[in-house]
Structure formats: structure tokens, C-alpha cells
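Protein chains in written order, with this note's numbering: chain A, 39 to 319; chain G, 5 to 357; chain B, 5 to 357; chain C, 195 to 503; chain L, 144 to 535.
Accompanying notes for the structure given below.
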Amino acid sequence: MFPRPIEQAPTATRWLYRVAVPVALFLWLLPLLGVAVTSVRPASDLAQGNYFGMPSSIAFSNYREVFANSPMASYMLNSFKVTIPTVIGALALSCMTGFALAIYNFRSNLLVFFMFVAGNFVPFQILMVPVRDLTLSLDMYNTWYGLALFHIAFQTGFCTLFMRNFIKALPFELIEAARVEGVSEVRIFWHVVLPLMRPAIAALSVLIFTFIWNDFFWATVLSNSPESQPITAGLSSLNGQWIAQWHLVSAGSILAALPPVAMFFLMQRHFIAGLTLGAVK
Amino acid sequence: MTGVSLDNVVKKFGPIAVIHGIDLRIEDGEFCVFVGPSGCGKSTLLRMVAGLEKTTAGKIHIGARDVTDIDPAERGVAMVFQTYALYPHMTVAENMGFGLRMNGHPKDVIRSKVAEASRILKLDNYLDRKPKALSGGQRQRVAIGRAIVRGPEVFLFDEPLSNLDAELRVDMRIEIARLHKEIGATMIYVTHDQVEAMTLADKIVVLRAGRIEQVGTPMQLYADPDNRFVAGFIGSPSMNFLDGVVDGGKVRIPALGGGPVDTGVALPPDGHKVVVGLRPQHLAVAPGPSDIVLDIRERLGGVSYDYLDTPQGERLIVETRDDAVIDEGTPVVVTFDATQALFFDVDTERRLR
Amino acid sequence: MTGVSLDNVVKKFGPIAVIHGIDLRIEDGEFCVFVGPSGCGKSTLLRMVAGLEKTTAGKIHIGARDVTDIDPAERGVAMVFQTYALYPHMTVAENMGFGLRMNGHPKDVIRSKVAEASRILKLDNYLDRKPKALSGGQRQRVAIGRAIVRGPEVFLFDEPLSNLDAELRVDMRIEIARLHKEIGATMIYVTHDQVEAMTLADKIVVLRAGRIEQVGTPMQLYADPDNRFVAGFIGSPSMNFLDGVVDGGKVRIPALGGGPVDTGVALPPDGHKVVVGLRPQHLAVAPGPSDIVLDIRERLGGVSYDYLDTPQGERLIVETRDDAVIDEGTPVVVTFDATQALFFDVDTERRLR
Amino acid sequence: MTRAALPAASAEMPPRSRWRTHQRRLAPWLFLAPGLAMFAVYVVSPIFQSMWISLYDWDGLGEKVWIGAANYAELMDDDAFYTSLWNNVLWLVLYMLSVPAGLMMAIFLNQTIRGMRLYKSMFFFPFVISQVVVGLIFSWFYAPDFGLLYQLIEWLTGTGVAILADDRYVTYGIIAAGLWPQIAYVMILYLTGLNNVATDQIEAARLDGAKGWRMLWHVVLPQLRPATFIAVVVTVIGALRSFDLVSVMTDGGPYGSSRVLSFYMYEQALSEYGYRMGYGAAIAVVLFAIMMIFISGFIWKMWRDERER
Amino acid sequence: QDKRIVRYNADFDPAPLAAMEQVIADFEAANPEIEIQLNNFDHEGYKTAIRNFLTADAPDLANWYAGNRMAPFVTSGQFMDVSDVWEENGLEESLGSALASMTIDDKQWGVPYTYYQWGIYMNEDAYEAAGVEVPGVEDITWEEFVANCEAFEAAGIDCLTTGTKALWPGAGIFDYLNLRTNGYDFHMDLTSGEVPWTDERVRAVFDEWAKVQPYVTKNHAALEWQDAAALLVQGKAANYVMGNFAVAVFKEGGMTEENLGFMRFPEIATDIPRAEEAPTDTVHIPTAAQNPDDAKAFLAYLATAEAQNTINAAMGQLPINKDATVPDDPFLKAGFETLSTAEGGIAQFFDRDAPAEMAKMGMEGFQEFMVKPENLDRILDRLEKARTRIYQ
Ligand SMILES: Nc1ncnc2c1ncn2[C@@H]1O[C@H](COP(=O)(O)OP(=O)(O)OP(=O)(O)O)[C@@H](O)[C@H]1O
Ligand SMILES: Nc1ncnc2c1ncn2[C@@H]1O[C@H](COP(=O)(O)OP(=O)(O)OP(=O)(O)O)[C@@H](O)[C@H]1O
Ligand SMILES: [Mg+2]
Ligand SMILES: [Mg+2]
């Protein structure tokens, strides 16, 4: 283990470390803490210039106000509507592509694989105009499924990289054993490989959830009305309305951050596994 | 009739030939072991029989059927992998019944066959466990059970015990021997463990670089090897090989000094070289004036191994049944039982008979 | 004076004691081997000597220095790990020179020491390779080279050969023996391989659950074990243990039938049970009317092992020096050399002497 | 027990249909079809379409007019383009700071004390939350007059600096905001990397007398190479994709000084005053070309690894 | 029962939104078979969004602006010709003042419902604090204004505030300096690309601007216009060049008619007839509308004096319909007076009179100038280069 375990250090160092970690954490999260505190600061505090002191009272009403006076609820709902089908769709597609690329040795295998990988890195901007036109022409502009379809397609690239490598790491004998036993390829996929991919699926689903939930660019490009905008785009436009109303902006930010943070906390192990296995955003 | 026969089978990976035309007949019910150094093609050959590798040329028959181009599933073979290849998400019972289930056998048939196999393999208490919760030996038994359940005509084993520790390996070896006795099916078994090959096989096939060196019963190979490779490969510690010179119809062995030995085999003309093979247990040492020096004596209790250096720079191993102390570095006199010596041609390495 | 001495050393991981107060003296230049079952604390003890684990209580001296609380780098020890622990991004030469470089030795000193070590270990041709491009045995030699280069007073080996295949293991074992002869430093060596322990050690320390069971030369432990554990642990195949009953100052062994045997040791009173230990090579079998059945005979060429089942459900292994065929399932008569039998207390498992 | 108990030759012999004979050749394409189709429609073909569009003058509403390379010619003479390009370079270079910074934090946190898991997860937070939120948080942090940083600078130097209103600092300000989550990301990568560092090598090095920095440099870092590689890759991609923060924090301002290529492209193509699809596409193509350098490197390395297997 | 739906995309701030909802309610009361679904966007976002929804997901009604700002949508066929609505309802008569700005190719493309004056809003308390006499609506010259700025600086008050994060507030200052220095015709020539940006007359405008530049709120580039409004409210700034819609914000911030003052932008060149800025806000029917007939009915209603009264009273802006009444509000009265006496002409706004691309580049240039006046040459060269490209 590196660095040398702190338990082996002198007591003083140990105590210093125990203090240093929370202090560092506090500094590290200072901006976030500020926002969290502001989100429960009464508007009057801001008016009086009390931006960073102790709030004069705790105003959870800010949150109520956010929901009452803005389409925040609808934004959040839209985000879920885009995110959840995307997670399911991208996983379904990439389980299959990953399986095909990991198990079979056909000639263009690597070529197809690298195409998925490369596609995963391209700047969004090069896709923007054509994808927007396509979405328009399919009459899916401003719909959750228009966004979800694109995200599914794009994330399939990333997920394929991940899934393929994961399946490749499974013992190939499992597939051979099943083949010797006379199991058809489709059933091998369904009964042997898919159950073993559960950790990968869990890891990817959290990861994709966060990616899509946090997506701003495509939300801006493929939707523009509060009825269909997800929360990132919604928050950005609310920011245009809530000038100087930092307590509302903060409350909105906290609300927008909540689902991915909760997801991260609940599925932390999977999340990190996902990052480091696939390791690309 | 469920023997296996290979007719001039060839396997190429891309341009590289790995199996160079092998002919082999394995009888119905026979236990056939493939041995050979790493990379000689044992696994490849086995996988060709299983259908997991395409056969480049030649024919493979199982029983009377030509299976050369047939899917693994339809060959009536079952395979046990070195890594067990158990499905980690299924219980032991599900693992064993999986093949039958996928091929649409009714539930109760599956259940009874699994029960039967688990009885044979003493797995009854573990049927509901996942492989993770089993020891190495138990896992290996499940892998075998999975093979048994489908009632195949031919069992294929690829180094099934090499992942077990020494003690367990002995137990499982005995269990496989018993299994073969019990179900009597044809079995092909790949290993690089001497002891497994010697103790399990009805017939050993010694492979080397994709070619068969010799086929025979264990004792045939041990006592009567066809060539130097087989002689050196079978038996542990390996046979000592020394240079010899034909001298008046006898063979002189410069390293051991002493007079020429009678051979009773057809030797090349005088002055030609031969290779003399002597098993460690057919040699004996005693301290005495000599050019040969005891380098290291390894005393294991019941038996000692002496490593000797000859003046020619050759190295000899001698197995001794006592544990007397001889100091390392002592000159020793080596005696041997000339009737046990084998002789090989220097160039072709064929046995001289 | 660079022996190693341990005074009542204790190691706890959290609340769990793993080493329970061990006293041990290893002389200057001695080759000391730790053996014992897995998890008994061999590695832990070695790592405490290295300084990689803190010593919870007790004192460790290397030579005259108390090193109990000293940094590993300053103890004058070098360690060879089971996994080799080579730095994969450095060449062989860099790997070997790394320790010197870290301690600020000048470049040419490093170069000459590395050259010296690589000569001893025949690594000259590989100095510029990365470990990845080496075989297992070569890697192990580099690991040893890295230890040699630093010229330590004490070498520590933790199962250095267990990742090598059987053949290579024999070669490397002999090489280590030679190395010890050549540089004569104190060496502590952990293994669970019988043969390594028997052949390399000046002194074997048998550990069990964090305590020393017996210390002695290999032959002392083999011939004169203090207790049943040591007797069963040393020697391969292991000693057979059978129940015996004291009967008129002699011991009757029901499993083998036959009359009571004379022992020449202090036995408990009549009617008490004892455990009788018999090594496989001290038994002999012959077909004949008997309750004992030959289960399986494994014939390995020079030697055969017979696995016998007694009516009491005990299992005996007999080593036979011939390869005559006895059919499996035949009743056999077992004879043995009573003078070779050892006796142990049933409860304390101590040897009766 | 004889083999009679296990019915002989019960091995399955299903009929050999065409599918069964060819399934191993057809199966991969069946499995690939849906994913490949989606990917082709939404990712691959748009890349080529964009290249095509970049040769037109098009406002997204009316007719496209073929103008050949004129958009590129104009780019070569466009100050805003060079500003964006320069900012992209700044992003690339400064974003790289997240690699050493993430490493240092990972090393700092790679200990086991009570509650460490919780601490670590909290350190990850910035990475999990949306860049929009990060942008808002930092805008507020930088806000003139009352912003915490503004006040801090004012307290230190006497005059506050409105980071986001000053073309000298604005890009640095945004990059700093971007570094916050990026450092967290890199830290995660390194923490997992550190978890997998071979203990035996560390111990061997300890016996060899390596300590502290030298241990880090000679023994640990070489082992962290895969983590470093991935960290660099994601950082490069993150730097070149930087859109959200610029959009949320400054909208490219003041007077376009914080634009980056990805934002400029969007601005030209879709923003209030934009709608030059062809010109935007040309910028995207340039950005793509830059990214392609890195993508090729990555693919090349993957290909090498693949072959070594 | 099934109502006929009219979808209306708009970008109202809260107060006007309420007013428009009122107008819609009135309309629906009169036409019970029609339901208007108002879909409100944030103001800045709307300007981007309209492009998308016109082509993608067209509503039946959409807010926009008069003048050049609607030209791209007209020429690309996104807005519907509503000349018939004008004709049938005699709007040429009642909305006559806006006819020109609504006409392209002799057709009308939308209905205006409000306009508002720009000018300088003052915090009279700040004047007092700095010891400067509060000027009347038109009694101060540019020299005096600039001179006052020194007094404000001495008192630690920003003489002139603005928030240019969204760029357009800066254009208001430019427009006025330009109108006062060169006049209305020059403004129109410049925005339609007929005058080079490197022209001496343009430089003259910036020369004037340079005089107040040091006194403008320093961090304006990081501020939204509302942030700057807060500065005025708090008395940290004295003057603000803004449109009348800001009054609502000032009042919301706590100012009253007691301390909030209004004056016309001071005279600079004496020989030029006074021109003013008064952007007109409009409603249009997209070509792709699903229900244009009911949309037209609504437009006709929106053009009535009644509807314009309702909405402008709430917005605090001026109705276009000549029969409507100017709300009873001192600022609006002053504004109405100012506009109706502006013999020089009434401009829409820089970003409504100039084509979008030029507007964007120009406003960026203004912002840069306000931060770094020394860059003027570079800025003008850049704008000139853009002009030759954009207007070709
Ligand atoms: N898929 C493959 N592609 C190319 N060459 C292969 C492939 N599989 C095996 N080989 C080569 O074929 C030869 C035989 O391999 P095989 O696995 O049959 O050896 P083996 O006798 O089983 O060795 P071991 O005892 O190490 O298992 C080796 O040289 C190996 O490199
Ligand atoms: N870091 C540790 N924390 C807790 N317990 C440990 C740790 N290291 C070892 N142990 C425990 O100490 C005991 C001795 O372990 P050790 O590794 O010394 O055994 P060993 O004799 O080397 O076994 P093996 O032959 O398997 O290598 C084991 O029970 C092990 O579980
Ligand atoms: Mg093999
Ligand atoms: Mg150990």
C-alpha cells in the first residue's frame, strides 16, 4: 500500500491526518456547501447582503417556491423520462454488441469495435446539426424520446467498449462448455452471458444515468420548451429568470444535483467500477 | 461402437501448422491420455475432437459417424475443462442440468439424471450451492457431473486436475480412475503430469510438436520406449543420458569409466557414438576414487537423490534407497545394471533394438 | 556475527494473535527453513524479520543489533518474494541495481556489483530485458540477483519457487543450494514443499498455528519426530496412522491383525489406545487371505503406490519398489517392520519414547 | 454400477437446420444489428453530413448554397476562431493540471481511517453533479461584489476582480471551475489505481530503501501508468468538449473572450444571433480534426494492447 | 366540449405575463370555443428557441420584434403574411405608428402590441448623496452630464451603470450616443451596412462614449441588466440607460416615484433633430401554425385598444393603438411625451435594426470598448470586416 499506512505513523501524525481530512473536505466542498446553505437562506438575507454569513433563518420555503413558481417539477420529470429509457436502451443494445464483439471472431470485428470506441470520443458539435435535422424531420424535436433515442445511440458506443471488455474477461470456456452442451448462440447469450454481466450492467446503469441526467448540450439542442426540457437546460433558463435570486438558483441546483448524487451514494461501488473499467466519459 | 479415430488430421492456425497429420485409434471404453511438453498440441487435438476447433484436413470419426464438420453439440461428446467452466450463477444442480434443459428435456428427466450423477460423485449435499461456495475438488466433481449427465459417448478432459493442490490431485485422480471403471465410456485425457498419465491410462499418446512420438500402455512406454524423447519424458526423475562409443560390439561409456558393456542390441559399427540411457534407480554410488564427484545429495528420508558431475561435464542423477550421509564434493564410484541400459542412435534418437 | 535471533516475538493483527511468542536462534551462515500448513504464520514471521510487519512484542536481533523497530531498509536483509516482485518497467540490470541506486551508490559501483551478481546467476545475456520478456525461472533468478547485489547479511525467501513448474523447481532448488554454499550468508526460507525443506535446510522449523512444533535438522525431524503432527507433516507420501491398543506391554494393531508388537518405548497402561505411525515404505503387501483390500495400485515405473482399505475404514498407503501387477480389489496381507513403527499418545499426540 | 444406469447414447441429435449450421457466422451480425444501426444513423453518418454541410452556406431555414471551402477560408481569417482555438489550447494545457492534482489528492486520501469511505465519496461529489450546476456554483463564487472569491481578492489586494467580466482571467476562471469536477474524476481513477498497486513491489522497494517521492516516482507511478493514461485521455476529451461551463457561466463573454471551439460552433449554428449552419459545421470539423489526433492515438494503443493479448 | 387550441409561445417577464394571461382570459371569454395555451420561455432563451420551434414544432402564435429583427423569418417564409388581419380590422389606421416597422414587401407580418421608450433613469437619492442637482427631463447637456460624473466618482457612486452580460444594454448606450451625435438617418445607414465602421462619424460616437467610459460600473460585463438595476436601487449608481420596462424592477427593488427619476438622453450635437429609441414588441403567426384562423382572431383582438390598454397598464409600457390610453404613470407619460415629440425619428434598437450577425458582433465590440477603450481601432476594424462580409 502506498503511501505507508497512517496507522504505522506516530500518534501525532495520525491525529493530524484525522483532522486534515475533514478540513480538506470542507475546503474542497466549500462552493457546494455555500450553495446548499444559500438554498435555505431567506430572500431577505440576500437583499441585506448577507450572502455568506449564518442564515438568519432556515427557509425551506425556497424549495417550495421553486416548485410553485417554475416548471421545476416538469423539468425533473422530463429528466427522468429521458434518462431511464436511455439507460435501458443503451444497456440492451450494448449487451448485444458487446457480446458479438467479444465472443465472435469475424473479420471486421476490431474495425467495428474501434468504430464504436472512436465514435464515443467525437466532439458533440460535429453531430449537432445533422442530428438536430434528423430529429426535426422525424418529428421528435422537443420530445423526450427524441433526446432518448440520440442518447441511446451515442451511449451505445461507450457501453459497447465497456461491455465488450467485460465479456472478453469472462472465461471463454463457459461459452465453449455451453456449445459442447448443444446450447444455441442466442441461448448462450441469454442464459450464460447475460446473468454474468450483472455487475457490468449495474455499473453502467449508474454511470449512464449520471451522464444523461447531467447532459446539457443535447438538452439545449434537441429541446426548448419547458414541457420537454430536462432539468439541466431548465435550470439554465431559470437562471436567466432568477437574476440575483441566488436562493432560488441554489435550491434549483441542489434539486438538479440530488438524483445523481443519490444514485452515486446508493450504488457507489458500481459507479466507481464503471468509471475505472470503461474509464471514459 | 463409440471409439474415436483420427485419420491424418491436420490443424493450422493461419499459416502455422500445429498438428501435422495425426493417425490414432481409440477403442470403445478406452482411457487414452495425451502427454507431451507444453505447446505440443495436446489441447488442440482434444478440442478438435470436441469440435471446438475446426479440423483443417483429415477426418475424425466418433463411432461410425464422420464428425469432422459437425457442431460440437452434435458429436455426443462432453468436455471437462481445466478451469472447470462452471456457470457461476447457477447452482450445482442447475449447472449439471443446464445442457439437458437447453435441449428441451422434461424437468423430471433432468432431475433424475442429475440425482443419479450427483450420487455417483457424492455431490448430494451440495446440489443447491453455487460453485463459488465449493472447494476446488468439489468444483471439479461438478464439472465431471455436468459431463456425465448428458450420457455422452466420449469424455474429454483437458488437464482437469492441474488447478488443484497436490493432495487433492491425488484424491481426484483416484476418483477419475474409479469413474472410468464405473461408467466405462471412452475417455480422452490431456495432462502433463507424469503420475496421472502413468496411473490412469490404458493407452498413452506421447506428442511432440504436433506429431505422435509413441503410443502404448504406460508400462510399454516406461520399459520399452521407442526413442530418446519418450524415454526421457516418461519416468521421474528422468532417465540419465550419457555418451557411449561402440567398441568391439560393446559400448564403452567414458563418463563412467569401467569396461565396455554388452548390449544385446544391433549397434552401429565400431567407433560410432551412441546414447546410453540409464534410469536413476538403476545406478548406484559408493565413495571411492573416481573422476565423478558428488555435487549435491538430496536426502528425503526414505530416498536420496545424488547429483553427480562427470568429468565430461555431464550430469547424472542417482536414486538411492538409503539415507547414508556422503559429503558433497566426495568422489564417488558409479555402478549400474547393464541389462537395464537402453541405447539410442545419436542422430535419429531412435532406440537401438 | 550475523545470525538472527527471535526472543518471544508476538504478532497480533488487531485483536487476533497470529504468532504466539516464538523463540528461535538462527546461526550465522545457517540455512533455516520454515515449514507448516497454510496460514500457520510462516510468512508473517519472515516478514517480521524483514521489518515489513511491525513486531507486537518481543525482540528481534540480527547479529548483535536489536532491529525490532528499525526500518526494513536498514536491517541489512534482502528478501525474495514468491511473486518475484520485480519492477516491470525496469530492465534486469535496473531491477538489480535499484536498491543501490536508492542508497546513493555511485554508478560504477552499481554496475560492477550487478555484473558480479549476473555472473553468478548466469543472467549476463538478459541484463537489458524487461522482466516480461523472461521465463519464470529467469525472473526468479533476477529476484535473487536483486537480493545478492545489496550484499545483505541475511537472505529471506518466501516460497520463492512455488510459482515455477515442477522441472524448473528442481533446477532452481539446486541453484539456491549452490548459492548458499557460495556466499555463505544466513538464509531463512519459507516453503510448504517437503522436498525443498528436506534438501535445502540445515535446520527446519515446523510451525503450526503460530507456535513452533519442532526444530531440527531434516533427518532429525524425519527419523525422530517429537509428535504426530511433525511425523505426519514430514515425509511423502505421509506416514500412515493406525489405532493401536496396549496389550500386555505390547501394542496390538487391529487393522493389521497379527500379533502384538514390541515397542521399546514407555507405553501407557494396558487397554489404553495409542496411535501407531508407519511410513509407506516400511510396509509391504502380498496377495493373500485378509480383510484388507487393495483399492487401487498406482504403478509409476520404478515404484508403485498401493491404496488399501482396512475393515476399520482406515486407509493405508504402501510404497512398493516393484511393478508387479496385483489386481485391484484383491485381498492383501500387509507386513511391516516393527522396529520402524512410531507411537504417539492419543490425546496429546506427543511421541511416546 | 454399470453404464446401463445412464442411458447410452442419449446425446442430443437435433435436426440440422440451416440456422444451426450457420448460427456461429450469422449470430454476431444479428447481435450487432440494432446497436450498429442506431450508431450509424446517429453518430457515424452525422459526422460525414457535417463535413458535407461545412461546404455550404446555410441558415438552417432556407436553401443550402454550395460555397466549397469558403467557410474554411473565412475561419482562417476569423479573430473569434483564433480566440477560441487559443482558449482550447489553454483548456488542454491547464486541464492537465487535474492529473497531478488528482494524483496528489488520491495519495492523500489513500489511507484507512474510520469513515474514510464516506470521506472519499464526498470528495467525489463534484464529479457527480452536472456541469450546469458546477457552472452556477462557480458563477456565484466569482460574482462581483458579493462573491466569496471576489471578496477574498478584495480583502487581499484592496480591489476585487470580477473574474468572469475580465477577458484576462475569464478563461482561467472557467477552467478552474472545470478542474473542480475533473480533479475529482482523476482522483477516483488514481484511487482505484492505487488500490491495485502491487504490494509486493512496494515492499521490495521498501527493502531497497526507496521512500517518499522516490518511491512514488520509481515504483508507484510506473504502476499507475494505465490510470494515468486514462486520466489523460478523459482530460483531453473533457477539455475539448468544454461547452456546458462556458455556456452557463459566460455565454462566451465578455466580448467573446472565453469562447472555445465547441461553444463557438454552437453559437454560430444555433444561438440567438447565429444560424450559420455551414460555418458552424466547419468549426466542428476543425474541432473533430483536433480530437481525431487524440482518438487515433487511443485507438492505436488499444490496437497494440489487443494484439498483445 | 372540445375547444380549438391555439398554442402561443412567448417570453414574458412575470408582470407582463400576468397581463397577457388577463388578455387571453378576456379573449377566451369572448370566444368560448377557443383555448389559448400560453407557453412561456425565459427571455434570453426564447431568442434562441424561436429558431427551433418555428421549423420544428411551430406554435400558432409567437412573440417577436418589429423591424429588421423579423426580416430573416419573413424572407425565409417562417412568418405568415397577416395583411388580411390588418386590412379587415383597419389596423393601418389604428396601429399606424408601427406600420412601417411591420411592413416588408408591402405586407404586414405581425401585430404590434406595445412599445416603450428608452432614456436615463436616475436615483435621485444618489444625486443628493453626491451633491448633484437632480436634472429635469430635458435640461441637461452631455457636457454637464459628464461633468456630473466626476462628482459622483468623488462620492464613490457609479455615474452610469449597466449590465452587459447579455450584451444588448450596451447597445442602448451606443444607439443614443449615435443618435445624438449623428442622427437617425445615420443610425439607419449604419445598421443597414451602408456606412463603414471605420467612418469618422462612428469614431466620433466612441469619442463621446470615451468621456463617460471611466464612470461606468466596472464589472458590467459580469452583470445582468437586473444586477445593474439593483445597483441603481441601492444608490451605488446614479444613472442607468435603459428601457422603460426596467421601472418595474426598480420599483420592485423598493424605489418609488419619489426617488426614481427619468430624463431624456442629453443632447450632444445641437444641430440634429432629436431621435429616440422605442422598440416595438409584436406577435406573429408561424407559417407552419396548425390553427392560423383562430390565431388571426386573437391577433385582431390583441390589436384592439381594449386589449392594449389591459396589457400595457400591467407592463408599464405604451400601447400602439392610437385609441388606447397611455397608462397613468409619470414615467410613461414622460416617455409618451418624449416619443411623440421626437422629430428626428424613432429607432427600434441596434439589434433590431441591424441583421443578427452584425448585431452580435457590434454589441460585442461595444462591450469590449466599455472595458478596454484602448482597443477601439481593433474593434472597428473587426466590425468593418464583418460588415463587408455580412452585407455583401
Ligand atoms: N488460437 C490459436 N491461434 C494460434 N495458435 C494457437 C492457438 N491455439 C494454440 N495455438 C498454438 O498451437 C500450439 C499447441 O497449443 P496447445 O494449446 O494445443 O498446446 P498444449 O499441448 O495444450 O500445451 P499446454 O500443455 O501448455 O496446455 C502452441 O504452439 C500454440 O501456440
Ligand atoms: N494483514 C493481515 N491482517 C490480518 N490477518 C493476517 C494478515 N496477514 C496474515 N494474517 C493472518 O495470519 C495468519 C498467518 O498468515 P501467514 O501469511 O503468515 O501464513 P503462511 O504460513 O505464510 O501461509 P501460506 O502457506 O498460505 O503462505 C493467517 O491466519 C492469516 O489469515
Ligand atoms: Mg493445453
Ligand atoms: Mg505465506
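Glycine is no exception: its CB is placed at the ideal position from the N, C-alpha and C atoms.
Cβ neighbour criterion (16 or more within 10 Å) applied to residue i
| i | result |
| --- | --- |
| threonine 203 of chain B | buried |
| glutamine 267 of chain A | buried |
| tyrosine 88 of chain B | buried |
| alanine 399 of chain C | buried |
| arginine 419 of chain C | exposed |
| proline 209 of chain C | For proline 209 of chain C, the predicted model reports a pLDDT of 49, less than 50, meaning its position is unreliable and no value from the coordinates is stated. |
| methionine 270 of chain C | exposed |
Within chain C, partners of residue i - CB distance below 8 Å
| i | result |
| --- | --- |
| threonine 87 of chain B | Ala392, Asp394 |
For residue i: DSSP bridge partner residues
| i | result |
| --- | --- |
| tryptophan 252 of chain L | None; tryptophan 252 of chain L has no bridge partner. |
| histidine 24 of chain G | G:Val14 |
| glycine 262 of chain L | L:Met385 |
| glutamine 218 of chain B | B:Val210 |
| glutamate 176 of chain L | Looking at the DSSP assignment, glutamate 176 of chain L forms no beta bridge with any residue, so it has no partner. |
Residue from the options with nearest C-alpha to residue i
| i | options | result |
| --- | --- | --- |
| alanine 77 of chain G | G:Leu49, G:Val158, G:Leu225 | G:Val158 |
| proline 156 of chain B | B:Thr190, B:Lys136, B:Glu179 | B:Thr190 |
| valine 234 of chain G | G:Glu179, G:Phe17, G:Val39, G:Gly18 | G:Val39 |
| valine 287 of chain C | C:Gly447, C:Val430, C:Ala371 | C:Val430 |
| alanine 264 of chain C | C:Glu500, C:Ser490, C:Ile477, C:Ile487 | C:Ile477 |
| alanine 425 of chain C | C:Ile377, C:Phe302, C:Gly446, C:Ser490 | C:Ile377 |
| asparagine 104 of chain B | B:Ser9, B:Val153, B:Glu332 | Asparagine is not the amino acid found at residue 104 of chain B; the sequence shown has leucine there. Ranking B:Ser9, B:Val153, B:Glu332 by Cα distance to leucine 104 of chain B puts B:Val153 first. |
| aspartate 266 of chain B | B:Asn244, B:Arg115, B:Gly252 | B:Gly252 |
| alanine 216 of chain A | G:Met94, G:Arg256, G:Thr343, G:Val336 | G:Met94 |
| valine 279 of chain G | G:Leu287, G:His286, G:Pro258 | G:Pro258 |
Proximal chain G residues relative to residue i, where beta-carbon distance stays under 9 Å
| i | result |
| --- | --- |
| isoleucine 178 of chain B | Asp299, Ile300, Glu302, Tyr311 |
| glycine 220 of chain A | Asp75, Pro76, Ala77, Glu78, Gly103, Met106, Asn107, Arg154 |
Where residue i meets chain L, residues with beta-carbon distance less than 7 Å
| i | result |
| --- | --- |
| leucine 288 of chain C | Simply none; closest approach about 21 Å. |
Closer than 8 Å at the beta carbon, the chain A residues around residue i
| i | result |
| --- | --- |
| methionine 83 of chain G | Glu214, Ala215, Val218 |
| histidine 186 of chain L | Gly278, Gln279 |
Chain A residues whose Cβ lies nearer than 9 Å to that of residue i
| i | result |
| --- | --- |
| asparagine 182 of chain L | Ser263, Pro264, Glu265 |
Listed by chain order, chain B residues near residue i by CB distance under 7 Å
| i | result |
| --- | --- |
| alanine 181 of chain G | Ile300 |
Residues that residue i contacts on chain C, provided the C-beta gap is smaller than 7 Å
| i | result |
| --- | --- |
| tryptophan 66 of chain A | Phe317 |
Residue i: contacting residues in chain A (beta-carbon distance under 7 Å)
| i | result |
| --- | --- |
| alanine 54 of chain G | Val218 |
Inset, instruction - Kindly provide the chain-ordered list of residues whose Cβ lies closer than 5 Å to any non-hydrogen atom of ligand 2. - result: B:Phe17, B:Val22, B:Ser42, B:Gly43, B:Cys44, B:Gly45, B:Lys46, B:Ser47, B:Thr48
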